[in-house]
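Protein chains in written order, with the working numbering: chain A, 11 to 270; chain U, 5 to 417. Note that the Cβ used here is the ideal one computed from N, Cα and C, for glycine as well. Quick caveat: nothing in here was measured; it's all calculated off a predicted structure. Beneath this line is the structure, given in structure tokens, with notes to follow.
Have a look at this one:
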């Protein structure tokens, strides 16, 4: 059994698939750099992220599994899961060895793991489309802080760009320290260092002095609406929490206790 | 009156309309305006009763000339009344939408002065949102009973969904609680809109520029448990409206007592939530699982079994159909197995091409085996000497912990 250590990027993982064929490796364990712990025997093979190799593998996969299959691969990769990387690696090799039909074989454990991980990532993507709350700042930037379970910003980019085409906005992932910024024309990934510890904030509310004049009013109106549209006779806390797990509350204007 | 107070009153008055769907819209944001439709809809939040908050759901006003016994806004009810100005509704919608609170607007109204006057106001709001604000988010507009055909058709050009409520499942029930209304008044606008949709869809085959018209279709709502109708009455009515008017959805709303009226359940009595749930499950079986309503409810079985779900209930009544071999059976038969949903059924049909499926694979695919195993045959099934009777199967399933709706859990509601 050989161990491949890749840099954690998609390019790196796809390069690993390329190298496996080049070296004619048999069983391979893939592990990302940040999770790699050299054992006594050493022997981890460092994989360089090579975009030419990765590109060939990606195109090869595309030919065999189609657009829907590629989406599943990409989503599962964004799951940032150690076993997910391994399953993606093994599944890729199975696709090259046995053909793209394997993507329908839900009796296969690797495929099942990849498709279930992809589904979790998609669910988180959908949650972010729902739970992002913009606060309007004095200079007209609609700002939101999130900390999704998986790295879903690349997946929500298109949705927010299409929808909020006539306002500038920023969605910042305070766990992964990067954001999406739309300047009124196009969306780009940005890295910003915030002076405050945004990852540990109790709520995601911005300080009042940077907010637009009417921001407080609309937050109050929204909270009032949220409470009044509830039907007390149907109270079902269990269901409520299943739909909005508590870890998301601090990002939701209507669920954070801090009043403006 | 302050805008905050108005919003609270008019949200309170609108919340008994259960529809909050925002799916099925087709609007795109092509011209750098604001908003678009999301294919499957988005629930931006959930209230403490566990219901989806997708749209800003409000009444334009809760002043009403009608006196329907089941309605909180009836004219004889002593409550605070309020009315929005057109611009106030527009501003609320746009500002909530820009903050990603909502998918769009659900606008209804009490009827003031007369039907056309009210409908005209609603039309003004949606027209302003679409044309002046270039808003492409979702709009669900209630049709006001008695409004003229011209106004209803024009509203269809701006709304994604239109709906008008039947309120009670039978004409007799309506006569009892809302003598000023009738099902005929509801059928007329449903028919106008449906005919326009069919006509425009026909034209769309031939011409390129045909205006969007109610792309997310029509829906209606039935109140459950206010009057004595059976589940059969309710779902036969729903089935007829699905067929006659091409409805996208029928909503079932467990009646929540809002008045001291001898004709109605008393204030404080619990809304029939479990019954409501069973009605929705049956509705799903009719729309996505290929069941005829008469298979699930008929003169021998006018009520749904509350202890078990309607598909299981049907399967136990039809032991001659089972067991089904999942490795050979047709897709439509696999769909009929209790514990197998649409997603699992599709995966089974794909996966069995690669080899005979076993129980452990079915479990991983997502089949609820505690129910399904009594009705299926797969690669590692063991031949048993004696088939258990439907009654025994029912007992076993109810006894298994995993069955969510076992009667012991009812106390949760």
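So, for residue i: in the same chain, excluding its five sequence neighbours on each side, which residues have a beta-carbon less than 7 Å away from its beta-carbon?
| i | result |
| --- | --- |
| residue 66 (chain U) | 13, 14, 17, 77, 85, 86 and 114 |
| residue 177 (chain U) | 231 and 233 |
| residue 264 (chain A) | 232, 233 and 236 |
| residue 169 (chain A) | 139 |
| residue 75 (chain A) | 105, 110 and 113 |
| residue 217 (chain U) | 160, 161, 200, 201 and 204 |
| residue 373 (chain U) | 343, 363, 366 and 367 |
| residue 57 (chain A) | 14, 15, 16, 22, 25, 26 and 29 |
| residue 292 (chain U) | 346 |
| residue 132 (chain A) | 85 |
| residue 90 (chain A) | 160 and 161 |
| residue 46 (chain A) | 15 and 54 |
| residue 380 (chain U) | 327, 328, 330 and 341 |
| residue 189 (chain A) | 180, 181, 182, 183, 200 and 202 |
| residue 120 (chain U) | 151, 152 and 155 |
If residue i sits next to residue j, beta carbons under 8 Å apart, how far is it from one beta carbon to the other, in whole angstroms?
| i | j | result |
| --- | --- | --- |
| residue 95 (chain A) | residue 23 (chain A) | 6 Å |
| residue 87 (chain A) | residue 20 (chain A) | 5 Å |
| residue 275 (chain U) | residue 128 (chain A) | That pair is no contact at about 38 Å. |
| residue 174 (chain U) | residue 237 (chain U) | 6 Å |
| residue 141 (chain A) | residue 262 (chain A) | 6 Å |
Who does residue i pair with in a DSSP beta bridge?
| i | result |
| --- | --- |
| residue 222 (chain U) | U:166 |
| residue 56 (chain A) | A:15 |
| residue 189 (chain A) | A:182 and A:200 |
| residue 42 (chain A) | A:16 |
| residue 305 (chain U) | U:302 |
| residue 47 (chain U) | DSSP, once it has assigned bridges, lists no residue as partnering residue 47 (chain U). |
| residue 111 (chain U) | U:62 and U:145 |
| residue 235 (chain A) | DSSP, once it has assigned bridges, lists no residue as partnering residue 235 (chain A). |
With distances taken Cα to Cα, identify the nearest neighbour of residue i among the options.
| i | options | result |
| --- | --- | --- |
| residue 221 (chain U) | U:148, U:256, U:255 and U:167 | U:167 |
| residue 243 (chain U) | U:393, U:280, U:257 and U:295 | U:295 |
| residue 124 (chain U) | U:146, U:334, U:10 and U:107 | U:146 |
| residue 60 (chain U) | U:344, U:141 and U:37 | U:141 |
| residue 254 (chain U) | U:367, U:284, U:260 and U:270 | U:284 |
| residue 14 (chain A) | A:41, A:200 and A:165 | A:41 |
| residue 63 (chain U) | U:290, U:325, U:172 and U:96 | U:96 |
| residue 73 (chain U) | U:336, U:400, U:180 and U:111 | U:180 |
| residue 315 (chain U) | U:332, U:334 and U:340 | U:340 |
| residue 370 (chain U) | A:134, A:225 and A:126 | A:126 |
| residue 195 (chain A) | U:27, U:35, U:375 and U:163 | U:35 |
| residue 329 (chain U) | U:323, U:361 and U:312 | U:361 |
| residue 64 (chain A) | A:35, A:92 and A:102 | A:102 |
| residue 53 (chain U) | A:174, A:78, A:238 and A:229 | A:238 |
| residue 39 (chain A) | A:92, A:255 and A:71 | A:92 |
| residue 255 (chain A) | A:124, A:35, A:173 and A:134 | A:134 |
| residue 182 (chain U) | U:192, U:267, U:382 and U:273 | U:267 |
| residue 375 (chain U) | U:108, U:402 and U:324 | U:402 |
| residue 35 (chain A) | A:166, A:68 and A:12 | A:12 |
| residue 146 (chain A) | A:136, A:259, A:204 and A:224 | A:224 |
Return the chain-ordered list of same chain residues with a C-beta closer than 6 Å to the C-beta of residue i, the five sequence neighbours on each side being excluded.
| i | result |
| --- | --- |
| residue 249 (chain U) | 194 and 198 |
| residue 207 (chain U) | 214 |
| residue 157 (chain A) | 184 and 185 |
| residue 61 (chain A) | 21 |
Could you name the residues of the same chain whose beta carbon sits closer than 8 Å to that of residue i, not counting the 5 residues immediately before and after it, in chain order?
| i | result |
| --- | --- |
| residue 253 (chain A) | none |
| residue 279 (chain U) | 228, 229, 235, 258, 308 and 310 |
| residue 38 (chain U) | 98, 101, 102, 137, 138, 139, 140 and 141 |
| residue 122 (chain A) | 116 |
| residue 414 (chain U) | Any answer about residue 414 (chain U) is weak, because its pLDDT of 41 lies below 50 and its placement is not dependable; what the coordinates show is given next. 278. |
| residue 245 (chain U) | 170, 194, 224, 251 and 254 |
| residue 32 (chain U) | 40, 41 and 140 |
| residue 10 (chain U) | 86, 87, 88 and 92 |
| residue 44 (chain A) | 18 |
| residue 57 (chain U) | 24, 47, 48, 49, 50, 51 and 106 |
| residue 3 (chain U) | Look at the range of chain U in this structure, 5 to 417, and you will see that residue 3 (chain U) is not part of it. |
What residues of chain D sit near residue i, judged by a beta carbon separation below 8 Å?
| i | result |
| --- | --- |
| residue 143 (chain A) | Checking the listed chains, one finds no chain D in this structure; the protein chains it contains are A and U. |
Regarding residue i and the ligand NAD, is the C-beta to nearest heavy atom distance less than 6 Å?
| i | result |
| --- | --- |
| residue 99 (chain U) | In the structure shown, the ligand NAD is absent, as is every other ligand, since no ligand is present at all. |
Count the C-beta pairs between the segment 239 to 250 of chain A and the segment 218 to 229 of chain A that are closer than 8 Å, then say yes if the count reaches three, no if not. no
Evaluate contact between the segment 129 to 136 of chain U and the segment 171 to 185 of chain A, counting only Cβ atoms and requiring at least three cross-stretch pairs below 8 Å. no
Inter-stretch contact (C-beta, 8 Å, three-pair minimum) for the segment 93 to 110 of chain A and the segment 26 to 33 of chain A: yes
Do the segment 136 to 154 of chain A and the segment 113 to 121 of chain A touch if we need at least three Cβ pairs shorter than 8 Å? no
Do three or more CB pairs link the segment 269 to 279 of chain U to the segment 289 to 304 of chain U at distances below 8 Å? no
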